[in-house]
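Quick note: the sequence shown uses UniProt numbering, first residue 1, plus one each step. Step one of this worksheet: look at the structure below.
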Amino acid sequence: MRGLFAPRNPMTGLPRLALVMALLCPPLWAQSLAPATSSGQGLTVTRPQAIDLTADDEPIITVDLTHKAADLWDRIRRGFAMPDLDTDEVAAQQIRYLSHPAALRNLFERSYRYLYHIVDALERRGLPTELALLPMVESGFDPMALSRSQAAGLWQFIPSTGRYFNLQQNEWVDERRDIVASTEAALDYLERIYDMHGDWHLALASYNWGEGAVARARKKNEAAGLPTEFAYLKLPDETRRYVPKLQALKNIIARPELFNIELPHVPNRLYFESVESPPGIDLAMAASFAQMPLAELIALNPAFRRPVIPEGRQRLNLPADRVAAFEAKLAGASPRWQTYRPAASEKLESIAGKFGLTVTELLQVNGLTSPYNLKPGTVLLVPAGADVQSVMPLTNLIPDLPSAKEIRMQPPRKKTTRSKKKRRR
């Protein structure tokens, strides 16, 4: 249900157990001051003995909402609105994060390009800002992340769910990796499953396990006369840890000083803007126009599967301070690439020669690893005055483009029937 999540003071609801753990369990870099054991995986933080805090002993923490947010982390804290989860699993996940401070810092630093956009989208919908932390759990804030089940992007959509939410997936783009499109789709989905369950912990469990599976688990508990809240459901191990991971990150971000953590500075301002760009402009040219590193352009536009902005997709994400430079250079620029449909009998060698390419270069820019992968009717990307060498670095930045080492010019081996003949004898 929309519009019900007014910002509240996020600190008064900080779980009691989390505060106990923060005060009693020093982080990894402070372990020289406390006993610790080592293992092959690094230091192991031992769990402190539980102590009993009464309500009177619980610290009352306030945040001043009358002043503008100091940075984006402060803005996120002000929008925390989910009920807190206070369980042993939350404490365990908190220890896990704090036991790897370098990895935790890298996780926070990877978020800086995308976090403002996500927080802004959440606030426009009136949703709790804890959801801005969900890509930390899902993908480690890596838009190129790809799971074994082929879930992709910051929000880890599997192909079928991506198509259901109208995320394009073709030879040119994979919008599951698109920062803007995938965020809108993820928030649509999260709103829908929250409306289904009326509970954010169950909505998050549904995002991980599936809304149908969670609904069946609730019905099973209801039939047995058991509570149907998240903590009481029989869940897969991954889902049982999923919501506590988000709560653990929330606790750390809510009061980093309690954990001797210094969050990297993320300004509370727009990081990137979406601008119009004509098709046929390659990404190397766009980076040159914007006077920015090619790798940074790809990080903001990870949906591209080819080195060229295709027809029908004119949106390009650029750092806010690079937009003016890009638009000034774009005026009067002509497309440097075009599409080409080979004739039925036309060979790749002749096509490559016609456009000043080697066969390897032609295969690379078209995401092919072998000339034998070319299917009838395939539309190829070819230069229209482009400097082909300028786009070759993209083969190292776009995972869908093969490197020269991955190109195989030999025909595939024919399957032998020797083993079958032996069995007949």
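The beta-carbon is built from N, C-alpha and C at its ideal position, and this holds for glycine as well.
- Rounded to the nearest angstrom, the Cβ distance from residue 205 to residue 243 is 6 Å, consistent with a contact under 8 Å.
- Per DSSP, reduced to three states, the secondary structure at residue 172 is coil, with no helix or strand assignment.
- According to the DSSP assignment, residue 382 belongs to the beta strand (DSSP E) that extends over 380 to 383.
- Secondary structure of residue 338 (DSSP, three-state): strand.
- In the structure shown, residue 255 adopts coil according to DSSP, grouped into three states.
- Taking a C-beta distance under 8 Å as the contact criterion, residue 193 and residue 154 do not qualify as a contact pair.
- Here DSSP, grouped into helix, strand and coil, assigns residue 315 to strand.
- Within its own chain, the residues whose Cβ lies closer than 6 Å to the Cβ of residue 109, once the five positions on either side in sequence are excluded, are 264, listed in chain order.
- Boundaries around residue 274 are those of the beta strand (DSSP E), 272 to 276, since no alpha helix (DSSP H) includes it.
- In the three-state reduction of the DSSP assignment, residue 266 falls in the coil class.
- Judged by DSSP secondary structure, residue 102 falls within the alpha helix (DSSP H) whose first and last residues are 101 to 110.
- A Cβ-Cβ contact shorter than 8 Å links residue 250 with residue 130.
- Residue 266 and residue 116 have their C-alpha atoms some 9 Å from each other.
- Between the segment 298 to 310 and the segment 358 to 374 there are three or more inter-stretch CB-CB distances shorter than 8 Å, so the stretches are counted as touching.
- By the neighbour-count criterion, in which 16 or more other beta carbons inside 10 Å mark a residue as buried, residue 197 falls on the buried side.
- Shown here for residue 187: same chain residues with a beta carbon closer than 8 Å to its own, the five before and five after excluded, namely 121, 122, 125, 127 and 131 in chain order.
- Separation of the CB atoms of residue 294 and residue 137 is rounded to 30 Å, and the pair is thereby denied contact status at 8 Å.
- For residue 285, the enclosing alpha helix (DSSP H) begins and ends at 283 to 290.
- For residue 296, the uninterrupted alpha helix (DSSP H) segment begins and ends at 294 to 300.
- Assignment of residue 157 by DSSP, reduced to helix, strand and coil, places it in the strand class.
- A distance of 8 Å or more separates the beta carbons of residue 323 and residue 382.
- Using a Cβ distance threshold of 8 Å, residue 280 and residue 236 do not count as a contacting pair.
- When DSSP assignments are scanned along the segment 194 to 236, the uninterrupted stretches of alpha helix (DSSP H) that are 4 or more residues long and fall wholly within it turn out to be 200 to 209 and 211 to 223.
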